[in-house]
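Chemist: Handing you this structure, nothing more for now.
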Amino acid sequence: MSKLSKLAELLKLELTTQNMTEIKANASSIKIQQTLFEHLPMCQKSHVELN
Numbered sequence: 000m001s002k003l004s005k006l007a008e009l010l011k012l013e014l015t016t017q018n019m020t021e022i023k024a025n026a027s028s029i030k031i032q033q034t035l036f037e038h039l040p041m042c043q044k045s046h047v048e049l050n
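See the structure below:
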């Protein structure tokens, strides 16, 4: 029974680590999107000026 509970603990740790990695990835993805949206009006303006 001890081996089983140890295995369960390791599995739980692994899942927690994976979840944290996904959360960090999502957070950086959101940050990138925000940055792009902030720069979008500037890009559109310069594009209009070029045409």
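Position 6 (the sequence shown) corresponds to 5 in numbering that gives the first Met the number 0; numbering is contiguous. In this text, a Cβ means the ideal position worked out from N, Cα and C, and glycines have one as well.
1) Once you ignore the five residues that flank asparagine 25 on each side, which residues in its own chain have a CB closer than 8 Å to its CB?
2) Take leucine 49 and list the residues in its own chain whose beta-carbon comes closer than 6 Å to its own, dropping the five residues that flank it on each side.
3) Pull up the distance between the alpha-carbon of leucine 39 and that of serine 27, whole angstroms please.
4) Helix, strand or coil, according to DSSP, for methionine 41 in the structure here?
Modeler: Short version:
1) none
2) none
3) 18 Å
4) DSSP, reduced to helix, strand and coil, places methionine 41 within a helical segment of the structure shown.
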